[in-house]
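Here the sequence shown is numbered in my numbering, starting from 46 and rising by one per residue.
Positions of the beta carbon are idealized from the N, C-alpha and C atoms, including for glycine.
Since the model is a prediction, treat every value here as computed from it, not as a measurement.
To start, the structure under review is shown below, and the notes come after it.
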Amino acid sequence: MQSMRAVQVSRSGGEFELVEREIPEPEHGQVRVKVEACGICHSDAFVKEGLWPGIEYPRVPGHEVAGAIDKVGEGVVAWKQGQRVGVGWHGGHCFQCEPCRDGDFVNCVKHRVTGVTHDGGYAEYTIVPEEALAHIPNELNAASAAPLLCAGITTYNALRNSGARAGDIVAVQGIGGLGHLGIQFANKLGFKTIAVSHGKAKEKLALDLGADIYIDTESVNAAEVLANLGGARVVLATAPSSKAISDLVNGLGRNGKIVVVAATGEPMEVSPLQLIPGRKSIQGWPSGHAKDSEDALDFSALRGIQPMIETFPLEKVAEAYQRMMTNMARFRVVLQIT
Ligand SMILES: NC(=O)c1ccc[n+]([C@@H]2O[C@H](COP(=O)([O-])OP(=O)(O)OC[C@H]3O[C@@H](n4cnc5c(N)ncnc54)[C@H](OP(=O)(O)O)[C@@H]3O)[C@@H](O)[C@H]2O)c1
Ligand SMILES: [Zn+2]
């Protein structure tokens, strides 16, 4: 048996375990990816803490996977060994259900979730269905590409589909893995970019990343500041706190929209009267499919957008995850695997 190193979680709330596993074989329509780097996303907590329904353990987490194709399964024609590829949260779809027939692969009723319904990238090798693969452009190394495959695509895709136009006020709330890329995308997409964070610690970094204005929610009422600036066209909410998100509704301008990407389970509190005048709304946004990932990667290469990362070896996964969960990471922790 040829073996590989992998990090798995064996039960809901269990520790990360570094184990030797058999190197998996790609089946029909799949490829095997030799993983070079895998980002640690806040959503990996769903697997670690058992917050996602129906997870089968043991599970190898990781859905910010960057590497190269190592072996191609039967029936795969569009991909070749050696190509540099990545995979994000969306880990494949069925092509047959109603959303798929409508081209809405993200809402496929049977869609696979990388590192959640199937093993992901905290390992030396992982199996990926061909429709979930994204090309990585030459300008990006694996460690820089990895965070773009979830944090990047999610913020880029949410912003480019938000309806905001160049010059509009776009606030990015929560400056972590997603938020620090959201600031860069908002700047490069031509928006007046406002970073909203709690505390002063990230002020200089946020301005360096391209924010025009920094708002510290601990010292001012952020909604009031946004309203005084004319009101946000979009607030991209990445902080996993429903209270913090609800607090920004009054900062929306006319036709303003809160685009929620932060995945929290607690209810938000907002009254219809906060939304009706000015036609304001709240929308959720799931990351996107493989072509969206390629677009995010290509746009990042084109405009020089780079995640700020801290790299850790596979065996230090617990420490790396803790840095993310305790808001210490600046800004994305990446497992450097090979
Ligand atoms: N919709 C999607 O497709 C999608 C994709 C990826 C991730 N997500 C979700 O997006 C969220 C962010 O992920 P991430 O990887 O960017 O996480 P992260 O790196 O931990 O960053 C989250 C940031 O939110 C702020 N924050 C955290 N706890 C807070 C609290 N209690 N109150 C106010 N602010 C708080 C902090 O920023 P400040 O210090 O600046 O306030 C923190 O840096 C998570 O909920 C994740 O599950 C969703
Ligand atoms: Zn993610």
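Counting along the chain, G224 sits inside no beta strand (DSSP E); it lies in the alpha helix (DSSP H) bounded by residues G222 to K233. Using a cutoff of 7 Å, the CB of H225 does not count as near ligand 2, since none of the ligand's heavy atoms is closer than that. Here the alpha carbon of S345 sits roughly 7 Å from the alpha carbon of Q351.
For V130, the enclosing beta strand (DSSP E) covers residues R129 to V132. Segment contact: the segment 47 to 54 against the segment 137 to 154, fewer than three CB-CB distances shorter than 8 Å; contact not assigned. Minimum Cα-Cα distance from K116 among the listed residues E72, P106 and G137 corresponds to E72. With a 10 Å radius around the Cβ and a threshold of 16 neighbouring Cβ atoms, I321 comes out exposed.
In the DSSP assignment, A203 falls within the alpha helix (DSSP H) that extends over I198 to R205. When DSSP states are grouped into helix, strand and coil, E62 belongs to the strand group. Taking 7 Å as the cut-off, one finds at least one heavy atom of ligand 1 near enough to the beta carbon of H243. Residue Y167 holds the alpha-carbon nearest to the alpha-carbon of A363 among P98, C139, Y167 and D261. Sixteen is the threshold: when 16 or more other Cβ atoms of the shown chains lie within 10 Å of the Cβ of V80, as they do, the residue is buried. Setting aside the 5 residues that flank it on each side, A268 is surrounded in the same chain by D292, L293, V294, N295 and G296, each with a C-beta closer than 8 Å to its C-beta; the list follows chain order.
Non-local C-beta neighbours of E176 in its own chain, meaning closer than 7 Å and more than five positions away in sequence, comprise G137, H138 and A335, ordered along the chain. Here the alpha carbon of L347 sits roughly 21 Å from the alpha carbon of V215.
Inclusion of W134 and H108 in the CB contact set at 8 Å is warranted, their separation being smaller than that value. According to DSSP, residue pairing for C83 in a beta bridge involves V110 and L380.
Boundaries of the alpha helix (DSSP H) around A272: A267 to N273. CA-to-CA, the gap between V132 and S338 works out to about 8 Å. When C-alpha distances from A289 are compared across L274, P312, G298 and G276, the shortest belongs to P312.
For P174, the enclosing beta strand (DSSP E) begins and ends at Y170 to P174. Excluding sequence positions up to five before and after G120, its CB lies within less than 6 Å of the CB of H73 and G74, all in the same chain and listed in chain order. Counting the other Cβ atoms within 10 Å of the Cβ of Q126 gives fewer than 16, which makes it exposed. For S57 and P98, the gap between their C-alpha atoms comes out near 11 Å.
DSSP, reduced to helix, strand and coil, places N295 within a helical segment of the structure shown. No heavy atom of ligand 1 is found nearer than 7 Å to the CB of I181. Residues of the same chain with a CB within less than 7 Å of the CB of A203, apart from the 5 flanking positions on each side, are L281, V304, V306 and W330 in chain order. Y170 counts as buried, since at least 16 other C-beta atoms from the protein chains shown sit within 10 angstroms of its C-beta.
Residue side-chain check: C86 places its Cβ nearer than 7 Å to a non-hydrogen atom of ligand 2. In this structure, the alpha-carbon of D343 lies about 33 Å from that of L63. Spanning the alpha carbons of F357 and R368 requires a straight line of approximately 11 Å. Note on R210: under 16 other CB atoms within 10 angstroms of its CB, so exposed under the neighbour-count rule.
For H243, the closest of S189, E60, N266 and Q229 by C-alpha to C-alpha distance is N266.
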